[in-house]
Amino acid sequence: PNPDRLLEDGDNIDIDDLHFRVLHTPGHSLGGISLYGHGVVFSGDTLFNYGIGRTDFPGCSHAQLMKSITDKLLTLPDDTAVYPGHGPATTIGNEKRGNPFLS
Numbered sequence: 012p013n014p015d016r017l018l019e020d021g022d023n024i025d026i027d028d029l030h031f032r033v034l035h036t037p038g039h040s041l042g043g044i045s046l047y048g049h050g051v052v053f054s055g056d057t058l059f060n061y062g063i064g065r066t067d068f069p070g071c072s073h074a075q076l077m078k079s080i081t082d083k084l085l086t087l088p089d090d091t092a093v094y095p096g097h098g099p100a101t102t103i104g105n106e107k108r109g110n111p112f113l114s
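With positions in the sequence shown counted from 1, the corresponding number in our numbering is that position plus 11.
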């Protein structure tokens, strides 16, 4: 099926009283996005609790993933809760301090 709407970096998604900003976070996939709002970010397969997304698939790019994490996610406030596509939640501050893939 065709998508109802194509999302771009900086777009807003409003669901009732919830408002999220689209962050284009490619690397794990070309069209990877994260959704940020209300003190949380849904990071999909970009950033995990002490991990990062895989980049060993066709079309993936480790350099692009790291740029996405550095430029789009690690610039968020340290107390931002991170809800990844897999595994437990974390915070931006925890990842800055302890994620071995970010040192």
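Glycine included, every Cβ here is placed at the ideal spot set by N, Cα and C.
Just so it is clear, the structure is predicted and the values come from calculations on it, not from any experiment.
Neighbourhood of residue i by C-beta distance below 8 Å, restricted to the same chain and skipping five residues each side
| i | result |
| --- | --- |
| residue 107 | 85, 89 and 113 |
For residue i, the three-state DSSP class (helix, strand or coil)
| i | result |
| --- | --- |
| residue 57 | coil |
| residue 99 | coil |
| residue 23 | strand |
| residue 109 | helix |
| residue 38 | coil |
Start-to-end residues for the beta strand (DSSP E) that takes in residue i
| i | result |
| --- | --- |
| residue 10 | Residue coverage of the chain in this structure runs from 12 to 114, which leaves residue 10 outside it and unanswerable. |
| residue 48 | 44 to 48 |
| residue 31 | 29 to 35 |
Rounded distance between the beta-carbons of residue j and residue i, thought under 8 Å
| i | j | result |
| --- | --- | --- |
| residue 64 | residue 38 | 6 Å |
According to DSSP, residues forming a beta bridge with residue i
| i | result |
| --- | --- |
| residue 104 | Looking at the DSSP assignment, residue 104 forms no beta bridge with any residue, so it has no partner. |
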